[in-house]
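Residue numbers (UniProt numbering), protein chains in the order written: chain G, 1 to 115; chain L, 1 to 115. Don't be surprised by glycine CBs; every beta carbon is placed ideally from N, CA and C. Worksheet: the structure to be examined is printed underneath.
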DNA sequence: GCTATACTGAACCATATAGTTCAGTGTTTG
DNA sequence: CAAACACTGAACTATATGGTTCAGTATAGC
């Protein structure tokens, strides 16, 4: 079982609650980038992007390093184990509660795949 | 592949970024509760708790129903598929960037299927 | 019918967030 | 060396958030 602290989950989910930040994370998954690169890609000022990167860095999803006058941004060390574990826990509860009403899950699965 | 919209993920992750709300969700996993029950359990005013429940309801994690003078709160219809998918996508990128050279991917696949 | 209960809504407060501009500082590069 | 570049920090704006109190409304129970 993964151990998690409220504050880390707060910071993590809060960091992920912004579409720009989620975009930055996925972008860095494709390769490293500078603040300028990201600011350009997401149509934002340097200063604005730096704040987002700061939030992601605080949450551990991004790591940065100053190289000359450029700040190099890359994916951070966190694998999101704790976040995944929390959601898995929810799903377990969800299934347990909806299992009680027989057949509902199958019905929902069908609705879902037909979306 | 699960399809997701930015706004839904914004609302979902934002709803989960508060420890009280995460607590409410897990609590409702144990059984239905009224606003009063939850306000009492989380040491908060009725009004404050109602706001939290509203946020969770908006995100689809909680459903409520007025029964007489009591509002009955229970788990909502969302299984957090989209949230799980987003995090899985991150992990895939993360692994590709950090562990492309060894067997960690296989190990993670096993963890997942053994749930 | 009267009173207690359970919620609701408006208003308020303090702080945080997402963004900006502007004025720097340090680094390359011609 | 001078100019362009990449970032940094402070300050400001607008809006959102998490919480409260207070004054209602509707229902339950005696």
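- Using a C-beta cut-off of 8 Å, the region 56-65 of chain G makes no contact with the region 44-63 of chain L, since fewer than three inter-stretch Cβ pairs fall below that distance.
- When C-beta atoms of the region 83-98 of chain G are compared with those of the region 72-86 of chain L, three or more pairs fall below 8 Å, so the two segments count as touching.
- Contact between residue 48/L and residue 93/G is absent: CB atoms are separated by about 24 Å, not below the 8 Å threshold.
- Any Cβ of chain G closer than 8 Å to the Cβ of residue 56/L would place that residue at the interface, and such an atom is absent.
- Taking all protein chains in view, the Cβ of residue 13/G is crowded by 16 or more other Cβ atoms within 10 Å, so the residue is classified as buried.
- Every beta strand (DSSP E) of 3 residues or more that sits fully in the UniProt domain "HTH arsR-type" (1-95) of chain L is shown, in chain order, as 62-67 and 70-75.
- In this structure, residue 22/G sits near residue 9/L, with a CB-CB distance shorter than 8 Å.
- Against chain L, the beta carbon of residue 19/G has neighbours under 9 Å at 6, 7, 9 and 10, listed in chain order.
- By the Cβ-count criterion, residue 67/G is exposed, with fewer than 16 other Cβ atoms from all chains shown falling within 10 Å of its own Cβ.
- For the 8 Å CB-CB criterion, residue 91/L and residue 91/G do not form a contact.
- CA-CA distance, residue 51/G to residue 16/L, rounds to 21 Å.
- With fewer than 16 neighbouring CB atoms inside 10 Å of its own CB, residue 96/L falls in the exposed class.
- Shortest Cα-Cα distance from residue 37/G to any of 99/G, 71/G and 77/G involves 71/G.
- Cβ-Cβ distances below 8 Å link residue 77/L to 60 and 63 in the same chain, with the five nearest sequence neighbours on each side left out; the list follows chain order.
- Against chain L, the CB of residue 60/G has no partner CB under 8 Å away; the residue lies outside that interface.
- Taking 8 Å as the cut-off, the beta carbon of residue 19/G is found no closer than this to the beta carbon of residue 73/G.
- Residues 15 of the same chain have their beta carbon placed closer than 6 Å to that of residue 55/G, with the five preceding and five following residues left out of the count.
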